[in-house]
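For the sequence shown, the positions run 1 to 164 when full-length UniProt numbering is used.
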Amino acid sequence: MAKLPTVRRLAASIYNVGKKAIWLDPTSTKLSTASSREDVRKLIKEGFITKRRPRVHSKYHARKLAIEKSKGRHLGVGKVRGSKNARFPEKTRWILKIRELRSNLKTMRQSGEITPTLHKILYRQCKGNLFKNINSLKEHINKLKENERRQVMLDEQAMALKME
């Protein structure tokens, strides 16, 4: 004589499901006589023990929420979880920025827009976080070139004055 919890456990083991997924016929008296796995298998064949079908978890509410979020609902300040750094880490931001700046410097050097010596200087300045983005880098390069042109022009004027 086996107790019903034991029968349920054996049936769950045979079906490879949890104990809650097993249905035992409440009117059957044969259940308490089952004492082995073989007895339980016989009861399964006879239909006194069956496996319940899995519970359905409707995706309706999840889909509805996704549609609302696509419209911009439920995304306010009150829904923000985690700090700014947790949501988009500073390190990741830095990596993306420095990669962009360095690749841009490399293309400028290869195209001949900047000299190798200037490239080295600007590379170090990028590492030192001097430039906020590519536009500020290009602006800085243009200022350097403009200063260089002005210096050359001043030198030429000085030489012309010395000649006189």
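We put the beta carbon where it would ideally sit given N, CA and C, even for glycine.
What's the call for residue i, buried or exposed, on a 16-neighbour Cβ count within 10 Å?
i: A86; result: exposed
i: F48; result: buried
i: V40; result: buried
i: L75; result: exposed
Please go through the same chain and pick out, in chain order, the residues whose beta-carbon is closer than 7 Å to the beta-carbon of residue i, but skip the five residues on each side of it.
i: K19; result: R8, R9 and A12
i: R99; result: none
Looking at the unbroken beta strand (DSSP E) that takes in residue i, where does it start and where does it end?
i: K51; result: I49 to K51
Residue i to residue j, Cα distance in whole Å?
i: I95; j: R102; result: 11 Å
i: R124; j: K143; result: 18 Å
i: I134; j: M153; result: 29 Å
Closest to residue i by CA distance: which of the options is it?
i: V56; options: V40, L118 and A21; result: A21
i: K51; options: S35, T6 and I14; result: I14
i: S35; options: E146, L137, A2 and R150; result: A2
Beta-carbon within less than 6 Å of residue i's beta-carbon, same chain only, minus the 5 sequence neighbours each way: which residues are those?
i: I114; result: M108
CB-CB under 8 Å to residue i, same chain, minus the five flanking residues each way: which ones, in chain order?
i: L24; result: L4, V7, R8, A11, L31, F48 and I49
i: P116; result: R109
Over the uninterrupted alpha helix (DSSP H) stretch that includes residue i, give me the two end residues.
i: I67; result: Y60 to S70
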